[in-house]
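For the sequence shown, this note's numbering gives the first residue as 95, with consecutive numbering after it.
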Amino acid sequence: MKQYIFKVIGVFGLLIYLLSGCRAADPHPTEPQKAEQYTVVEQIQTEGKEAGMTYRLMLDFHEETQRLTGKQEILLENMDIKGPIPLQLWMNAYRYGKKGAFYFPEMRDRIFSKGDSRGYIDIKAVYLEGKAIDYEIEDQLLWIDLPQIEYSKEALHISLDLEIQVPKISHRTGSNDKALWLGNWIPTLGIYQDNQWIVSSYLPAGDPFFTQAADYRLMIATPLAYTVVGSGTEKVEILDDRKITTIEGNDIRDVALAVSRNYKEFIHRTKDGIALKLYSYSLDQKTADAYLKELEKNIDYYGRRIGPYPYEDFDVVETEFMTGGMEYPCMIMISSQNLQDFAKGSATILHETGHQWFYGILGNNQLQDPWFDEGLTTFLQKGYELQADELDAFYKKEKLQMKKALEAWENIALGENLKVYDSWSHYYRVNYRRAALMHYEIYQAMGEEKYEDFLKELYRQYQNKIVAREAFRELCYQYGGKKTVLIFDSYFKKQ
Ligand SMILES: [Zn+2]
């Protein structure tokens, strides 16, 4: 198998690291160090001013070829960035079709059930402040060297001419004869942390993406018969023989899109005024209503335990993603297959909805810390499905079963880089099941009341930010003392 590449690229990182001296290992493992509480933007924002990041896309959808062409603008406000800067081109993982390195072999038949198919993103030109500039493409990265022309730190405009090809596969981006959908598809700025850019290639394990909250505006032109759904609030206008769908999403971590001439739209407005919408090409009104009713309960539940869902829209979109469901801000993709079975479909919706909080509202480095988003989502999902005594019984049994479930793998520590996982089962058992067990043990050690306060404090402090491992650990210490931190640390040790 092709060697997977994961890069952490230091811009001035190495120099600063050498000047500041090496960090010593924590000498008191049960006393947390000062937690890093940050949004990544804050680290590079101009002093005293609020940093902002806006992505604007104006794209034309070509029905015959399944292509999107047009422009993307990126506006960076009050960010003191010194070039070169990286934009992620994850769509290029699909460039090699079956020969690509974005999936585990055991998923091949499901992903390529319609045959081999390729997708890509082509960057045709890059502009800085409206002037064409040189750039470099390195597989899944676009590097832009900033100092080529004068620009203002208050508002830096980058724009790209691009073409995107959607492949006929069952993945985060893909299509079938009913619809096409795109996830992790637009050129996205890497994360600047500790004086270096963190970027990733599309690894087969987990969700190999690390993004920060930004504002998004999308304008998609399609033939009139199409419905376009995206992360945010959709508005539709007709211009001659084209339908223009505008999607606006503020303070969200990413933007997903689905396009279909077969979607039926089902809407349910919650008592809190959130528009819950289900887009499906296979469900009838009765089943759709049942799903939407259940979804309102899900949103109420997570909102009650963590903090309110802060957006106006939430879309459930039928697609054909190979593992059942995939989360994006304000929008989840659920596979047709799962939706046909109400129990299965509801469980998948419950899980992906939980990610609105753990990954979306509360961000984490998914390349390193999926124990946070997958672990907490899985644990809270169980809290919805089971009564308190059943939850205790479940995790008592799970603890016994875990040993056997993990015996095939040497590396079962949490907090490892995604490249250590050799199969989806390996990743799943460590970051969903074992991590959820850890969260259960933390919950048990804190006691129910303290744990509920802990979740709410997490939400209060880190909404639209990144929860670093050390920050989570410190909050565990505040709410559960040393015994809770000992539980947390034990899961990160190599066995
Ligand atoms: Zn998940």
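For glycine and all other residues, C-beta sits at the position ideal for the given N, C-alpha and C. Source: prediction; values computed, not measured.
Item, Value
"Just confirm the distance between the C-beta atoms of Gly448 and Asn432, as a whole number of angstroms; I'd bet it's less than 8 Å.", "Rounded, the Cβ-Cβ distance is 16 Å, inconsistent with contact."
"Count the other CB atoms, across all protein chains shown, that sit within 10 Å of the CB of Ile332; report buried if there are 16 or more and exposed otherwise.", "exposed"
"For the stretch 379-394 against the stretch 334-342, do three or more pairs of beta-carbon atoms, one drawn from each stretch, fall closer than 8 Å, so that the two count as touching?", "no"
"Are Ile314 and Leu183 closer than 9 Å when you measure CB to CB?", "no"
"Quick check: Thr413 and Ser430, are their CB atoms within less than 9 Å of each other?", "yes"
"What is the DSSP secondary structure of Glu509, reduced to helix, strand or coil?", "As written in the sequence, residue 509 is Gly, which differs from the Glu given in the question. DSSP places Gly509 in coil when its eight states are reduced to three."
"Could you check how far apart the C-beta atoms of Leu274 and Val353 are, in whole angstroms? I think they sit under 8 Å.", "5 Å"
"Relative to the alpha-carbon of Asp383, which residue among Arg398, Val410, Tyr395, Glu406 has its alpha-carbon at the smallest distance?", "Val410"
"Starting from Gly324 and walking both ways along the alpha helix (DSSP H), at which residues does that stretch end?", "Note, Gly324: premise wrong, no alpha helix (DSSP H); beta strand (DSSP E) at 321-324."
"Verify the contact flag: Asp348, CB atom, against every heavy atom of ligand 3, threshold strictly below 8 Å.", "No copy of ligand 3 appears in this structure; the ligands present are ligand 1."
"Using the three-state DSSP reduction, which class does Asp203 fall into: helix, strand or coil?", "helix"
"If you compare alpha carbons, which of Ser264, Ile238, Lys262 is closest to Ser253?", "Ile238"
"Nearest by alpha-carbon distance to Glu167: which of Thr159, Leu151, Gly177 is it?", "Leu151"
"Along the alpha helix (DSSP H) that carries Gln557, what are the first and last residues, could you check?", "Where Gln557 is concerned, there is no enclosing alpha helix (DSSP H), given that its DSSP letter is neither H nor E."
"By how many angstroms is the C-alpha of Leu531 removed from the C-alpha of Gly457?", "21 Å"
"Which same chain residues, not among the five before or five after Gly146, have their C-beta less than 6 Å away from its C-beta?", "Glu171"
"Over the uninterrupted alpha helix (DSSP H) stretch that includes Gly224, give me the two end residues.", "Counting along the chain, Gly224 falls outside any alpha helix (DSSP H), and DSSP gives it neither H nor E."
"Between which residues of its own chain and Tyr405 is the CB-CB distance below 7 Å, once the five residues before and five after are set aside?", "Cys424"
"Please work out which residues of its chain come closer than 6 Å, Cβ to Cβ, to Ala119, disregarding the five sequence neighbours upstream and downstream, and give them in chain order.", "A caution first: Ala119 carries a pLDDT of 33, below 50, which makes its placement in the model unreliable, though a value can still be read off. Taken in chain order, the list of residues that qualify is empty."
"For the candidate residues Phe586, Thr364, Asp483, Ile506, whose alpha-carbon lies nearest to that of Arg567?", "Phe586"
"Let me confirm a value: Leu372 is counted as buried when at least 16 other C-beta atoms fall within 10 Å, else exposed. Which label applies?", "buried"
"Write down the C-beta distance between Met590 and Glu390 rounded to the nearest angstrom, noting that I regard them as a contact closer than 8 Å.", "Because the chain is modelled from 95 through 589, residue 590 falls outside the range shown and cannot be assessed."
"I'd like the span of the alpha helix (DSSP H) that includes Gln431, first residue to last.", "430-433"
"Can you look up Ile361 in the DSSP assignment and give me helix, strand or coil?", "strand"
"How should Gly454 be labelled, buried or exposed, when 16 other C-beta atoms within 10 angstroms of its C-beta is the threshold for buried?", "buried"
"Please look up how many angstroms separate the CB atoms of Met427 and Ala350, rounded, as I've assumed it's under 8 Å.", "7 Å"
"Hey, out of Glu542, Tyr489, Asp467, Thr471, whose CA is closest to Arg563's CA?", "Asp467"
"Taking 8 Å as the cut-off, does the CB of His445 come closer than this to any heavy atom belonging to ligand 1?", "yes"
"How many angstroms separate the CA atom of Ile400 from the CA atom of Ala482?", "17 Å"
"Just mark Ser294 as buried or exposed, buried being the case when its beta carbon has 16 or more other beta carbons within 10 Å.", "buried"
"Which runs of the beta strand (DSSP E) at least 3 residues long sit entirely within the stretch 404-459? Give them in chain order.", "407-413, 419-422, 425-429"
"Could you give the C-beta distance for Thr321 and Glu359, rounded to a whole number, given that I count them as a contact under 8 Å?", "7 Å"
"For Pro464, is the classification buried or exposed, using 16 other Cβ atoms within 10 angstroms of its Cβ as the cut-off for buried?", "buried"
"Where does Trp503 sit, in a helix, a strand or coil, going by DSSP?", "coil"
"Using DSSP bridges, identify the partner residues of Glu257.", "Thr163, Asp216"
"Helix, strand or coil: which one does DSSP assign to Leu485?", "helix"
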